[in-house]
Every structure is written in C-alpha cells, then in structure tokens.
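Peer 1:
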Amino acid sequence: MTLRFASKNGRAQLVVGPNNNLVDLADVSGGKFDSDPIKAFPRWAELRAFAATVTEGGTPANPDELDAPSPWPLQVFAIGLNYRSHAEESGMGLPAVPLTFTKFTSCIAGPNADIPIDAPMVDWEVELVVVISSGGRNIAKADAWNHIAGISVGQDISDRALQFAAQPPHFDLGKSKKNFGPFGPWLVDAADVPNRDVLHMTCTLNGEEVQNTLTDDLVFNVGDIVEYVSGIVELLPGDVIFTGTPGGVGVSRKPAVFLKPGDVLVSTIDGIGTTTNRCI
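For the sequence shown, position 171 matches number 171 in the UniProt record's numbering, and the numbering has no gaps at all.
(1) Beta-carbon within less than 8 Å of Leu81's beta-carbon, same chain only, minus the 5 sequence neighbours each way: which residues are those?
(2) The beta strand (DSSP E) that contains Val76, what's its start and end?
(3) Going by the CB atoms, is the gap between Phe101 and Ser176 shorter than 7 Å?
(4) If we count Cβ pairs, one from each stretch, closer than 8 Å, do we get three or more for the segment 53-65 versus the segment 21-39?
(5) Where does Gly58 sit, in a helix, a strand or coil, going by DSSP?
(6) What are the boundary residues of the beta strand (DSSP E) that Ile269 is part of?
(7) Using C-beta distances below 8 Å, list every residue in its chain close to Asp143, excluding the 5 sequence neighbours before and after it, in chain order.
(8) Please classify Asn206 as buried or exposed, where buried requires at least 16 other C-beta atoms within 10 Å of its C-beta.
(9) With a threshold of 8 Å, are at least 3 pairs of Cβ atoms found where one atom belongs to the segment 245-257 and the other to the segment 121-133?
(10) Runs of 4 residues minimum, wholly inside the segment 9-74: which ones carry the alpha helix (DSSP H) assignment?
(11) Are there 16 or more other CB atoms within 10 angstroms of the CB of Asp189, so buried, or fewer, so exposed?
(12) Just how far apart, CA to CA, sit Ile157 and Leu214?
(13) Taking the straight line between their C-alpha atoms, what separation do you get for Gly10 and Asp34?
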C-alpha cells in the first residue's frame, strides 16, 4: 500500500483506502509514533513499514480541514526560473545553478487555504513540492530521493509588486504573505512514485487552464536541487522545497492577469493530488 501522510489539527494522519480516510497516527500506533507530524519524518522508513499494516478505518478526509503535510517546517526553500518554459516567458536565460530563495515559514498553509488578496499584482505559481525525511549535508544527487519523504502539490503565491519593489528583488517577502505557501493535500511516499521525475502538473483559474507541464521540463530536477542546497546548508527533517513553476504565470501574459477576490485556483499533479484555493 502506498504511504500517504497528512496533518489535521496539528496531528499526523495516515491516508488510507479509496475514500482517502484519515487515521490518526498516534492513536492507531498506540503511541509508537508521535502526534507531531514533524517527528514522523526522521522515521520515514519505519513509518512506511508500519503504514503497510493499516489498510482500513478512519473517516473520509475533507481537504478544507487539512494542514500542510509539514505544517511547521524549520526551513522552506524555493527555486526560481526552474522550468525552461517559465525562463523563456520571463525573458531570462537559464540559470547556471538553482536560483534558491526562502519563503518564510509563516506563509505555509493547508492545501485548500483561502488566499487573501490585499494587493493589485498577486500571481499564481503551481509547483511540485517535496518534504525532507532524513536531512544532512552534501547529499549526492544519486542519493537525493532517499532523503525525501514524499511529494505534494503546492502554490508559490507571489505579490509581484512587492517582489520587484526594489533591487535586488524581494523574492522572500513578496512570496511570504499570509497563506502564500499552501500545499498538500497530503504527501505521497516518493518511493511509491515510479515516474517521479516526469509528472503531469496543471493549474486552472476559474476553470480555465493556465499552466500545463511535465516536470521533466525542470532545469534542475529534485536530485540536482537537493545536492546543491545541501552542499551549502544542512537540510533538516520536515524541510519543504518548492521546486519551481512552469510557464503560464499571470505576470507574463499579454495583457497581464492577476488574482482578485472570488477567483479559484485548482492545482493538480497526476497521481499525487489536487488542491483548491479560493481568493478572498
């Protein structure tokens, strides 16, 4: 059985069965595993073995009630200009190394969190998100997936006016307002995703498709990113990496399109899940 992992009300959950039932991890394990989702990540291999024994029970998940699968990570990394299609639409060359910045942890939100729109140039960016299991330094590309718990669907929401208000740009501030980092609905164990480097990802705005890509269009794939970042800073269990967005963002459209209250973003990665974010 594929391990799927979620968080609800700050408690770790297993997602089981075709109805996506939530089973409280601490309860079903008799306390073997802690209720704190972050404490599950260093024990991911052990959790995988235990989860295979939990095949029923629980109640159907309501994604509106879920936290982010790693709800309070110590570090959040994001990679800019990391799809060839996005670099092209931005009028910039391909970066020589992963263009890495941070999203402050207070922007992390559940998969279906509402997005407050308090500025005129707020944009969407659908992204594949990974969460670190066993951290470390100087992780080799070939070993990178062994340090990743799972894959989620995310949005790197961006206030473009704030992002480019000064030089150098405020990538971190412009992408860290309240609920600007929703992801979920759960983590799918990376070991159970055989085509994990070639996933189909889409985003719709009010029912109209605005982004559509295969993740093999990444300039730097997940292994490249983990190797590069861990060569500089220590990756920690529960850390979150937003791996980049493809072409189709609002600021690059002619005319430009930005989010407004009442808009609905639906983001999907085939085989992983779907998130729905309403703009308020």
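Each residue gets a CB set at the ideal place from its N, CA and C atoms; glycine is no exception.
Peer 2: The short version:
(1) Ala87, Ser90, Met92, Leu94, Pro95, Leu99, Val219 and Gly244
(2) Val76 to Gly80
(3) no
(4) yes
(5) coil
(6) Val264 to Ile269
(7) none
(8) exposed
(9) yes
(10) 25-28 and 44-51
(11) buried
(12) 20 Å
(13) 11 Å
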